[in-house]
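A short worksheet on the structure shown next.
Residue numbers (the working numbering): 10 to 280.
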């Protein structure tokens with residue numbers, strides 16, 4: 010049975026907030042790895058690959074051992090993996106390499122505003138005043154939360170962050186698309202495709218890769234490298250993507266994208 014967009018928005022809101030909280034937890038646990046010498050590309054590749062492996066058995070059960078749905082929805086899976094997973098992460102980390110994290114986050118989380126603009130251009134109908142007001146409040150709120158004051162913007166960095174915003178918007182649009190694929194199957198297959206794309210980029214030398222397997226400083230104490238990675242994989246990726254897709258199926262991409270803004274709040278609170 011196909012998943013219906015917007016069938017249970019109340020449940021979707023709760024699941025969406027849980028997903029945003031999980032996504033927001035990634036930063037504090039990725040940071041120790043980066044400080045220990047991991048490159049952003051290595052962290053993202055490990056995140057996508059390990060999460061795909063973790064979700065694969067669950068996805069197989071959800072698909073009842075049949076790959077027919079994956080073959081039928083190969084365009085959705087390919088788009089989700091290449092754009093929503095690999096493209097978004099590559100653009101974001103490339104932007105962070107050239108500018109402050111605050112500015113990069115601020116630009117990336119313009120995704121909901123971009124979705125409203127896309128709907129406006131596609132339908133030729135002016136969005137309701139409430140929607141436009143929410144867009145304005147969202148942008149203002151992000152500026153206040155992220156507080157990028159004084160940071161020097163970089164044109165290429167801004168363009169890369171806009172690429173991440175487009176990828177994030179694609180994540181919400183693709184997640185909301187009616188499909189018979191269970192959310193866990195879409196997340197697992199998309200992460201697998203994303204991992205393959207990131208791995209190919211690393212092998213080609215396009216994506217710098219270094220992942221020293223050394224102890225890291227986590228919450229003020231020394232811990233093995235795999236402890237923060239496990240949290241990122243299990244909570245901030247596997248759970249976050251599955252719950253995020255499930256929430257978007259229930260709410261639709263526009264509402265889900267605005268709920269996703271709470272990730273910034275959670276990230277700031279956790280950090």
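Even glycine gets a Cβ: it sits at the ideal position worked out from N, Cα and C.
Inset, instruction - Determine the direct distance from the alpha carbon of residue 75 to that of residue 165, and round the result to whole angstroms. - result: In the chain shown, the residue the question calls residue 165 occupies position 156. In the chain shown, the residue the question calls residue 75 occupies position 66. Going from the Cα of residue 165 to the Cα of residue 75 covers about 44 angstroms.
Inset, instruction - Check residue 225 in the structure and name its three-state DSSP category. - result: In the chain shown, residue 225 corresponds to position 216, counting from 1. In the three-state reduction of the DSSP assignment, residue 225 falls in the strand class, which pools E and B.
Inset, instruction - Let me know the secondary structure DSSP gives residue 265 once reduced to three states. - result: On the chain shown, residue 265 is found 256 positions in, with the first residue counted as 1. Here residue 265 sits in helix by DSSP.
Inset, instruction - Can you grab the Cα-Cα spacing for the pair residue 270 / residue 241, in whole Å? - result: Your numbering for residue 270 matches position 261 in the chain shown. Your numbering for residue 241 matches position 232 in the chain shown. Computed Cα separation, rounded: 19 angstroms.
Inset, instruction - Identify whether residue 232 lies in helix, strand or coil by the three-state DSSP scheme. - result: Looking up residue 232 in the chain shown gives position 223. The answer is strand: DSSP assigns residue 232 an E or B state.
Inset, instruction - Using only alpha-carbon positions, find the residue among 68, 103 and 169 that is nearest to residue 196. - result: Within the chain shown, residue 196 is the residue found at index 187, counting from 1. The closest CA to that of residue 196, considering only 68, 103 and 169, is found on 68.
Legend entry - Same chain only: Cβ atoms within 7 angstroms of residue 171, ignoring 5 sequence neighbours per side: As a first step, residue 171 must be located in the chain shown, where it is residue number 162. Cβ neighbours of residue 171 beyond the five flanking positions: 116.
Legend entry - Spatial distance of residue 42 from residue 138 (CA atoms): In the chain shown, the residue the question calls residue 42 occupies position 33. In the chain shown, the residue the question calls residue 138 occupies position 129. Cα-Cα distance, rounded: 44 angstroms.
Legend entry - Supposed contact pair residue 23 and residue 121 - C-beta distance, whole angstroms, cut 8 angstroms: Position 112 of the chain shown, counted from the start, is the residue given in the question as residue 121. Position 14 of the chain shown, counted from the start, is the residue given in the question as residue 23. Contact flag wrong, Cβ pair sits at about 19 angstroms.
Inset, instruction - Give the straight-line distance between the Cα atoms of residue 82 and residue 254, rounded to the nearest whole angstrom. - result: To locate residue 82, count along the chain shown from 1; it is residue 73. To locate residue 254, count along the chain shown from 1; it is residue 245. In a straight line, the C-alpha of residue 82 is about 15 angstroms away from that of residue 254.
Legend entry - Per-residue burial, residue 188 [other beta carbons within 10 Å of its own, 16 or more giving buried]: On the chain shown, position 179 is the one that residue 188 refers to. Buried is the call here.
Legend entry - Buried/exposed call for residue 66, threshold 16 Cβ in 10 Å: Locating residue 66 in the chain shown gives position 57, where the first residue counts as 1. Taking every protein chain shown into account, the CB of residue 66 has fewer than 16 other CB atoms within 10 angstroms, so this residue is exposed.
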